[in-house]
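Everything on this sheet refers to the single structure shown next.
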Amino acid sequence: MKILFLLAHPALHKSKVNRRIVEGFDQIQDVTFRDLYEEYPEFDIDVKQEQELLEKHDVVIFQFPLFWYSTPALLKEWQDLVLEHGWAFGSTGNALKDKLFFCSTTVGGPRSAYQEDNFHEHTLNQLLSPLRQTATLCKMIPLPPFVVHGSHGIQDLEILRYKNELLALIELFRSDKVDPELARKYEYMNDYIAILEKS
């Protein structure tokens, strides 16, 4: 399977986690790596080019730091412009039908903070539901997010562990070994890959 990996980080050179996690991803076979802020520093998105890339891939991954419970601005702009009616959704919008989609995001707080009865008063899946519903409207198959928690204080070895988990997940997609129905039973793709590694 071919994977389109879209990174959206407005200050990647200052990033402690995202920069290290995606390092070398542009060299992975069957993965098209796109740094959206590098491609479009003025937000002048080439809609046709982005749509052509989407059409050529089987899996779409959004990689981003969670900003105010949402995506960085350019990734929202990308969605607003690229996911056109009649192409991505609507009665004739079938370009993305049956493509797999998930978010890979970094967040500052621990997993326990993202519960209805805790600090953020919402689960991360609830906060990311607009992205999941966007994928659903576009007839894609949305999967749970891959999440790096505690990004503000995370140490190098932990970053490497997360990176290796994401690489293992990408390898499963590349070899078409991801079971979407099984994956959707878990809160995070991290949980899914952990179960597979134990089995």
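Residue numbers (our numbering): -12 to 186. A virtual CB, placed ideally from N, CA and C, is assigned to each residue, including glycine.
Please identify the residue among -10, -4, -9 and -12 whose C-alpha is closest to the C-alpha of residue 94. -4
Of the residues 71, 90, 125 and 139, which one's Cα is nearest the Cα of residue 115?
-> Minimum Cα distance to residue 115 is reached at 90.
Check whether the Cβ atoms of residue 88 and residue 49 sit closer than 9 Å, and answer yes or no.
The criterion of a C-beta distance shorter than 9 Å is satisfied by residue 88 and residue 49.
Original post:
Apart from the five residues on each side of it in sequence, which residues of its chain come closer than 8 Å, Cβ to Cβ, to residue 81?
Top reply: 126
For a quick check, are the C-beta atoms of residue 38 and residue 69 less than 9 Å apart? yes
Self-check item: For residue 54 and residue 188, the rounded distance between their alpha carbons
Solution: The shown model of the chain, from -12 to 186, leaves out residue 188, and the question about it has no answer.
**Request:** Let me know if residue 72 comes out buried or exposed under the rule of 16 or more other beta-carbons within 10 Å of its beta-carbon.
**Result:** exposed
Exercise. Could you check the C-alpha separation between residue 15 and residue 42 for me, to the nearest Å?
Key: 19 Å
>> Counting C-beta neighbours from all protein chains within 10 Å, is the total for residue 179 16 or more, i.e. buried, or is it exposed?
In response: Note on residue 179: 16 or more other CB atoms within 10 angstroms of its CB, so buried under the neighbour-count rule.
So which of 4, 153 and 56 has the shortest CA-CA distance to residue 101?
56
(request) Run the CB neighbour count on residue 138, radius 10 Å, all protein chains shown included, and call it buried at 16 or more, exposed below. (result) The residue in question, residue 138, is buried, as its Cβ has 16 or more Cβ neighbours within 10 Å.
Answer with buried or exposed for residue 133, where buried requires no fewer than 16 other C-beta atoms within 10 angstroms of its C-beta. With at least 16 other beta carbons inside 10 angstroms of its own, residue 133 counts as buried.
Do residue -6 and residue 4 have their CB atoms nearer than 9 Å? no
* Asked: If you draw a straight line from the C-alpha of residue 124 to the C-alpha of residue 170, how long is it?
  -> 20 Å
*asked:* Less than 7 Å between C-beta atoms, sequence neighbours within five positions excluded: which residues of the same chain meet that for residue 18?
replied: -10, -8, 12 and 157
(Q) I need the DSSP call for residue 91, collapsed to helix, strand or coil. (A) Three-state result, residue 91: strand.
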